[in-house]
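K.L.:
Questions regarding the structure given below will be posed in turn.
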Amino acid sequence: MKLKGKVAIVTGGGQGIGRAFSMRLAQEGAKVIVADINKVNASHVEEEIKRGGLEAKAVFVDVSNEQSTLDMANETVETYGKIDILVNNAAIFSTIKMKKMEEITGEEWDAMMNVNLKGVFLCSKAVVPVMKKQNSGRIINISSAAVYLGRTDYIHYVASKAGVLGFSGSLAREVGEYNITVNSITPGPTYTEIPRETVNDDQKQRMLNMQSLKRLQVPDDLAGTVVFLSSDDSSFITGQVFNIDGGMNIRI
602 MKLKGKVAIV TGGGQGIGRA FSMRLAQEGA KVIVADINKV NASHVEEEIK
652 RGGLEAKAVF VDVSNEQSTL DMANETVETY GKIDILVNNA AIFSTIKMKK
702 MEEITGEEWD AMMNVNLKGV FLCSKAVVPV MKKQNSGRII NISSAAVYLG
752 RTDYIHYVAS KAGVLGFSGS LAREVGEYNI TVNSITPGPT YTEIPRETVN
802 DDQKQRMLNM QSLKRLQVPD DLAGTVVFLS SDDSSFITGQ VFNIDGGMNI
852 RI
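According to my numbering, the stretch in the sequence shown is residues 602 to 853, in order.
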């Protein structure tokens, strides 16, 4: 129970990778705010956690809306009295239509940035004042290993996730004096229960062939690093990027 007594917020916690994070943090003893724009999904995860005798609460959040992120932070403090951990996981991904740059509209670009990048900014901005008062906190931002590949056909997604890395490094310097750590994770292709029309068996095999470890990546492959970065074991690590992609990209 590495996180016993801790309070964690997981955005996009109602499905996919976010669900796995919510479940694992709860199993490690954290009280988890399952924050999602789909309150029904978040409630299902809350119920699943509670069935295991653990603690969680579903909260609605639109990460692209500043007032909504402030409401999320306020509800967390009202419920549990503090905020120790923020996992910025909410993102637009599964619904992306593969397009060349010239086919992507300005509206599509803005929608991607509003959730994937502005959302990380707004959620962090909402919780940092609480963490400063506590003189402690952990912020974990989920980027993507796609930033290392120069992936085509969803350049707005890749750009948004690259922005998360720059934001994380700068924020780590800003809040370090308050014992708040800020780190990023860059997952490789991670397969969840969420269907993606743009992924077929041939594409899966091509990505698998690029990996050093020859199996498909699943959400639990990421959850251990989230626990580590949330715990006291990582108290002197900040401003870093943890690449978890089965050795698709070898970072030296």
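Backbone N, C-alpha and C define an ideal beta-carbon position, used for all residues, glycine too.
Using 8 Å as the threshold, is the C-beta distance between Lys700 and Asp637 below it?
P.N.:
As a first step, residue 700 is located in the sequence shown; it is residue number 99 there, counting from the start. As a first step, residue 637 is located in the sequence shown; it is residue number 36 there, counting from the start. No, Cβ-Cβ distance for Lys700 and Asp637 is not below 8 Å.
K.L.:
Report the option in Gln628, Asn717, Glu679, Ala691 whose CA atom is closest to the CA atom of Lys761.
P.N.:
Against the sequence shown, residue 761 aligns to sequence position 160. Per the sequence shown, the amino acid found at residue 761 is Ser instead of Lys. Of the candidates Gln628, Asn717, Glu679, Ala691, the one whose C-alpha sits nearest the C-alpha of Ser761 is Asn717.
K.L.:
What is the DSSP secondary structure of Pro730, reduced to helix, strand or coil?
P.N.:
Within the sequence shown, numbered from 1, the residue matching residue 730 stands at position 129. If DSSP states are grouped into helix, strand and coil, Pro730 belongs with the helices.
K.L.:
For Pro788, write down the residues that DSSP places opposite it in a beta bridge.
P.N.:
Numbered from 1 along the sequence shown, position 187 holds the residue referred to as residue 788. Pro788 is bridged to Ile845.
K.L.:
Once DSSP output is grouped into helix, strand and coil, what is the label at Asp754?
P.N.:
To locate residue 754, count along the sequence shown from 1; it is residue 153. Of the three classes helix, strand and coil, the one that applies to Asp754 here is coil, per DSSP.
K.L.:
Applying the 10 Å Cβ sphere with the 16-neighbour rule, what's the burial state of Ile853?
P.N.:
By one-based count along the sequence shown, residue 853 stands at place 252. That one is exposed.
K.L.:
Does the separation of the CB atoms of Ala773 and Gly840 fall below 8 Å?
P.N.:
The residue given as residue 773 occupies position 172 in the sequence shown. The residue given as residue 840 occupies position 239 in the sequence shown. Cβ distance < 8 Å, so Ala773 and Gly840 count as in contact.
K.L.:
Determine whether the beta carbon atoms of Ala763 and Asn850 lie at a separation below 8 Å.
P.N.:
Position 162 of the sequence shown, counted from the first residue, corresponds to residue 763. Position 249 of the sequence shown, counted from the first residue, corresponds to residue 850. Taking 8 Å as the Cβ cut-off, Ala763 and Asn850 do not qualify as a contacting pair.
K.L.:
Keeping to the same chain, check which residues put their C-beta closer than 7 Å to that of Ala824; ignore five residues upstream and five downstream.
P.N.:
Counted from its first residue, the sequence shown places residue 824 at position 223. For Ala824, where only same-chain residues beyond five positions count, the Cβ hits under 7 Å are Ala621, Phe622, Arg625.
K.L.:
Excluding sequence positions up to five away, which residues of its chain have a Cβ less than 6 Å from the Cβ of Gly619?
P.N.:
To locate residue 619, count along the sequence shown from 1; it is residue 18. For Gly619, where only same-chain residues beyond five positions count, the Cβ hits under 6 Å are Val611, Gly613, Asn690.
K.L.:
Report yes if the CB atom of Ser831 is closer than 8 Å to the CB atom of Leu604, and no otherwise.
P.N.:
As a working note, residue 831 is residue 230 in the sequence shown. As a working note, residue 604 is residue 3 in the sequence shown. Going by C-beta atoms, Ser831 is nearer than 8 Å to Leu604.
K.L.:
Where do the ends of the alpha helix (DSSP H) carrying Gly707 lie?
P.N.:
In the sequence shown, counting from the first residue as 1, residue 707 sits at position 106. Unbroken alpha helix (DSSP H) run through Gly707: 707-717.
K.L.:
Can a CB atom of chain D be found closer than 8 Å to the CB of Pro788?
P.N.:
As a matter of chain content, chain D is missing from the structure shown, which is built from one protein chain.
K.L.:
Verify whether the separation of the beta carbon atoms of Thr793 and Gly617 is less than 8 Å.
P.N.:
Position 192 of the sequence shown, counting from 1, holds the residue named residue 793. Position 16 of the sequence shown, counting from 1, holds the residue named residue 617. For Thr793 and Gly617, yes; Cβs fall inside 8 Å.
K.L.:
Please determine, among Val748, Met602, Gly767, Cys724, the residue with the shortest C-alpha to C-alpha distance to Ile684.
P.N.:
Start at 1 with the first residue of the sequence shown, and residue 684 comes out as number 83. Cα-wise, what sits closest to Ile684 is Cys724.
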